[in-house]
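Using the working numbering, you'd call the opening residue of the sequence shown number 1 and step up by one each time. Below: the structure, in structure tokens.
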Amino acid sequence: MRFIIYITMLLALSISSCSGHSTGKDKPNIVLINIDDMGWKDVGFMGSEYYETPHIDNLSASGIVFTNGYAASANCAPSRACLMTGQWTPRHGIYTVGSSERGASKHRKLIPTENTTVLAEKFKIFPEILAKNGYKTCHAGKWHLSDNPLEYGFDGNIGGGHNGHPKSYYPPYKNVHIQVDHDDYLTDLIMEKTLEYVDTVSSPFFLYYAPYAVHTPIHPVKRFLEKYNQKPGSNGQNNAKYATMVENLDRNIGLLLT
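Here is the structure:
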């Protein structure tokens, strides 16, 4: 069984006033980064010598690393629903991706739990709370909880839909609806449009950056491939194609922080 781990980082990108009250001008911008399907040891600060993540490593050095934390579910959609609502899976009913009827029925030891694939709009998600408190809210990347995150209180949506992963990281992306201006790798295009948003928004903002990478399909970032093909593996890590996706993800996070 594949073990899926999510790394989540919460960053306050500006410091609020210490006056005891907060106005719109001194509220901190908030960025939540949810990396999809990255293993816990696929980053430098957790010991990887093959995969290169200098920007994520710098975040760990300047913040707090929680080594005894767990996702609410080891699966894409339910963990995201828990993150947005603050509730366990039995509350919102998203237990897994697709149907819970896995495998041949004759081998099942339990009756499959009834599953839903869309987060009911009755659930209030925390970006809605931020919006009511003066924040502009933007989703960028993978949503996976409905067809459109704009129906859940986000002001902006960059590439988010009900799809769990892109059919291709190179255009045409097919199931990712985003304006394509040139032959961009999907992660780069989403970050380009995310930076445009960050550079132009004037109000305090909340950005939920949930890149599709490094979820399958493993489509290498071509400009990094030769480097990793020539780099010796270490500690069981030697997937050159995956390594290019990790480095490019880290590069985009660096651009966002800059």
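Glycine included, C-beta positions come from ideal geometry on N, C-alpha and C.
Counting along the chain, the unbroken alpha helix (DSSP H) around HIS92 starts and ends at 89-92. In the DSSP assignment, ILE129 falls within the alpha helix (DSSP H) that extends over 126-132.
In the assembly as shown, VAL221 is a buried residue. Its beta-carbon has 16 or more other beta-carbons within 10 Å. In the three-state DSSP reduction, LYS136 falls in the strand class (E or B). Per DSSP, the beta-bridge partners of LEU207 are VAL31 and CYS138. Taking 7 Å as the cut-off, the Cβ atoms of PRO166 and TYR209 do not count as close. By the criterion of a C-beta distance shorter than 6 Å, PRO149 is surrounded in its chain by HIS139, TRP143, ASN157 and GLY160, once the five residues flanking it on both sides are discounted. Where ILE158 is concerned, the enclosing beta strand (DSSP E) starts and stops at 156-158.
Beta-bridge pairing by DSSP links GLN237 to SER234. Linking LYS136 to HIS219 through their CA atoms gives a straight-line distance of about 33 Å. Taking all protein chains shown into account, LEU255 has fewer than 16 neighbouring C-beta atoms within 10 Å of its C-beta and is therefore exposed.
At least 7 Å separates the beta-carbon of THR113 from that of ILE94. Inter-residue distance for ARG80 and PRO204 is about 23 Å (C-alpha atoms, whole angstroms). MET191 is not a Cβ neighbour of ASN248, given a cutoff of 7 Å. TYR152 sits away from ILE178, with the two beta carbons spaced by 7 Å or more. Per the Cβ contact rule, the region 233-246 is not in contact with the region 60-70 (fewer than 3 Cβ pairs under 8 Å). Check the Cα spacing between THR216 and each of LYS27, ASN163, ASP181 and GLU49: the tightest is with ASN163.
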